[in-house]
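Student: The working numbering puts the first residue of the sequence shown at 10, with every later residue one more than the last.
Pasting in a structure now, in structure tokens, and then I'll have a few things to ask.
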Amino acid sequence: MTMKKKKLMAKRKKAKGPLLKNVTRRNLEKKVRQQTNEIRARNGQLKKGADRQKRSDLKIEEQREDLLHVTRVGKLAEFVSSLAHEISQPLTAILSYAQAAQRMFAGREPELQEILQYIINDNQRATEVIRRLRLLLKKSHPSLEPLNISTVVNDTVELIMTHITVRNKVVKLELDRGLPSIRGDRIQLQQVLLNLISNSLEAMEENSDSRELLIRTSRKDTDTIMVEVRDSGCGIPEENMTKLFSHFFTSKPDGLGMGLSISRSIIEAHGGRLEAKNNPDGGATFYFTVPVDKKDAS
Ligand code: ADP
């Protein structure tokens, strides 16, 4: 190669250099950009996956807690049920001893006879409470029958009367005795009433000045009957209003938060509504409606 040719080639190579470099740099930059985008996209996917995982972990955790709660409640019902069984056996024994003593002293010892009669009467009251408690706890399908709601309320209050007086509270009943019948499950409706009453008693616990609990039955309109449980307790804080009927919502340290949600589903299964409101003069009113039995609507 001649000197001239060599110089010419070197010149061309020099001229091409930056061009080549520019092209390779652009390619590289493009590649880096592409790879950065890919990494970003993959990161996004991973983040989404992690979020999804986190959400499902939380859900599992919530479900685990719910399950634990339900198990505890189930266990409690089982426990009360077996306790009721245990108690009913000595009660039967006490009754037969008292009756045997009555027979032994028949016609004699009138004071002793009187005492024995008190024992028998109280024994029968306790046995009845246990019987009703066991009926309440028994898992059974709702059995609908024509009912007078005022009678159901009255029976329920009788069941819990000792509890009310021990707590130094008074219950006022305003029961409309002429109401048409409804179709309902007596035990389930009693369960709702017991829950509303015991919640009211607890709400009145704090303040010894609040004593009165009012239970009223009335006809709301042609097709509907209304039951109100009105207390003079602490009332419901506004922020709790929407949560009251949710599963496991409780403001009590030992609460289960199941009573109101179960009560609402029972009332809804009866075709009614269960609601709550604060009273203008303090305390809360829980009220539910149930439809009149069509056969008795007139
Ligand atoms: P629990 O009694 O175990 O807390 P409930 O479902 O029966 O469960 O009640 C849920 C919550 O509703 C209670 O913890 C309480 O905050 C509120 N509540 C229920 N009844 C009343 C009432 N009569 N007055 C004020 N708050 C009430």
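We put the CB at the ideal spot given by N, CA and C, even for glycine.
Every value quoted in this text rests on a predicted model; they were computed, and no experiment measured them.
Ignoring anything shorter than 3 residues or poking outside the stretch 203 to 234, list the beta strand (DSSP E) runs there in chain order.
Tutor: Runs found: 221 to 230.
Student: Taking one C-beta from the stretch 161 to 171 and one from the stretch 187 to 200 each time, how about it: are there three or more such pairs within less than 8 Å?
Tutor: Output reads yes: the stretch 187 to 200 touches the stretch 161 to 171.
Student: In angstroms with no decimal places, state the Cα-to-Cα distance between Lys-304 and Asn-208.
Tutor: Residue numbering aside, residue 304 sits at position 295 when the sequence shown is read from its first letter. Residue numbering aside, residue 208 sits at position 199 when the sequence shown is read from its first letter. So the two alpha carbons sit approximately 34 Å from each other.
Student: According to DSSP, is Gly-268 part of a helix, a strand, or is it coil?
Tutor: Numbered from its first residue, the sequence shown carries residue 268 at position 259. Three-state result, Gly-268: helix.
Student: Please report the Cβ distance between Val-301 and Asp-218, rounded to the nearest whole angstrom; I am assuming they are in contact, meaning their Cβ atoms lie under 8 Å.
Tutor: For the purposes of this step, residue 301 is taken as residue 292 along the sequence shown, with counting starting at 1. For the purposes of this step, residue 218 is taken as residue 209 along the sequence shown, with counting starting at 1. Not really, about 38 Å apart at Cβ, beyond 8 Å.
Student: Rounded to whole angstroms, what is the Cα-Cα separation between Ile-275 and Asn-157?
Tutor: Translated into positions along the sequence shown, residue 275 becomes position 266. Translated into positions along the sequence shown, residue 157 becomes position 148. Roughly 17 Å between the two C-alpha positions.
Student: Starting from Thr-160, trace the alpha helix (DSSP H) both ways and give me its first and last residue.
Tutor: Numbered from its first residue, the sequence shown carries residue 160 at position 151. Taken as a continuous stretch (DSSP letters only), the alpha helix (DSSP H) holding Thr-160 covers 158 to 175.
Student: Pull up the DSSP beta-bridge partners for Lys-181, would you.
Tutor: Locating residue 181 in the sequence shown gives position 172, counting from the first residue. Per DSSP, Leu-223.
Student: Using only alpha-carbon positions, find the residue among Leu-210, Lys-15, Ile-48, Arg-273 that is nearest to Ile-169.
Tutor: Within the sequence shown, residue 169 is the residue found at index 160, counting from 1. Nearest option by C-alpha distance: Leu-210.
Student: Does the distance between the C-beta of Ala-212 and the nearest non-hydrogen atom of the ligand ADP fall short of 7 Å?
Tutor: To locate residue 212, count along the sequence shown from 1; it is residue 203. Ala-212: yes, Cβ under 7 Å from the ligand ADP.
Student: Give me the DSSP bridge partner(s) of Gly-58.
Tutor: By one-based count along the sequence shown, residue 58 stands at place 49. Answer is none; Gly-58 lacks a bridge partner.
Student: Following a CB-centred definition, is Lys-261 positioned closer than 7 Å to any heavy atom of the ligand ADP?
Tutor: For the purposes of this step, residue 261 is taken as residue 252 along the sequence shown, with counting starting at 1. Flag set: Cβ of Lys-261 near the ligand ADP.
Student: Is Ala-293 near the ligand ADP, going by C-beta to nearest heavy atom under 7 Å?
Tutor: The residue labelled residue 293 in the question sits at position 284 within the sequence shown. Yes, since a heavy atom of the ligand ADP falls inside the 7 Å radius drawn around the Cβ of Ala-293.
Student: With Glu-237 and Thr-294 assumed to form a contact (beta carbons below 8 Å), what rounded beta-carbon distance in angstroms separates them?
Tutor: Residue 237 sits at position 228 when you count from the first residue of the sequence shown. Residue 294 sits at position 285 when you count from the first residue of the sequence shown. Sure, about 6 Å apart at Cβ, within 8 Å.
Student: What span of residues does the alpha helix (DSSP H) with Pro-300 cover, start to end?
Tutor: Taking the sequence shown and counting its residues from 1, one reaches residue 300 at position 291. Pro-300 -> not in any alpha helix (DSSP H); beta strand (DSSP E) instead, spanning 293 to 300.
Student: Kindly indicate the opening and closing residues of the beta strand (DSSP E) around Ile-191.
Tutor: Position 182 of the sequence shown, counted from the start, is the residue given in the question as residue 191. Per DSSP, Ile-191 belongs to the beta strand (DSSP E) from 191 to 193.
Student: Measuring only the C-alpha atoms, how far is Gln-200 from Thr-165?
Tutor: Here residue 200 refers to the residue found at position 191 when the sequence shown is read from its first residue. Here residue 165 refers to the residue found at position 156 when the sequence shown is read from its first residue. Distance between the alpha carbons of Gln-200 and Thr-165 is about 9 Å.
Student: Between which two residues does the beta strand (DSSP E) carrying Leu-283 extend?
Tutor: Position 274 of the sequence shown holds residue 283. Leu-283 -> beta strand (DSSP E) spans 283 to 287.
Student: Taking the alpha-carbon of Leu-142 as reference, which of Gly-116, Phe-88, Gln-111 has the nearest alpha-carbon?
Tutor: Mapped onto the sequence shown, residue 142 falls at position 133. Ranking Gly-116, Phe-88, Gln-111 by Cα distance to Leu-142 puts Phe-88 first.
Student: Could you work out which residue in Ile-124, Ala-115, Arg-134 is closest to Leu-100 when comparing CA atoms only?
Tutor: Counting from 1 along the sequence shown, the entry for residue 100 is found at position 91. Residue Arg-134 is the option with its Cα nearest to Leu-100.
Student: What does a CB cutoff of less than 7 Å around Asp-131 pick up in its chain, not counting 5 residues either side in sequence?
Tutor: The residue given as residue 131 occupies position 122 in the sequence shown. Closer than 7 Å at the Cβ level, and outside the excluded window around Asp-131, lies no residue.
Student: Given a cut-off of 8 Å on the beta-carbon distance, is the pair Arg-220 and Asn-177 in contact?
Tutor: Mapped onto the sequence shown, residue 220 falls at position 211. Mapped onto the sequence shown, residue 177 falls at position 168. In contact: Arg-220 and Asn-177 (Cβ atoms closer than 8 Å).
Student: Checking the sheet assignment: what are the DSSP bridge partners for Pro-155?
Tutor: One-based indexing of the sequence shown puts residue 155 at position 146. Paired residue(s): Arg-192.
Student: State the start and end residues of the unbroken alpha helix (DSSP H) segment that holds Ile-124.
Tutor: Numbered from its first residue, the sequence shown carries residue 124 at position 115. Segment 119 to 146, the alpha helix (DSSP H) holding Ile-124.
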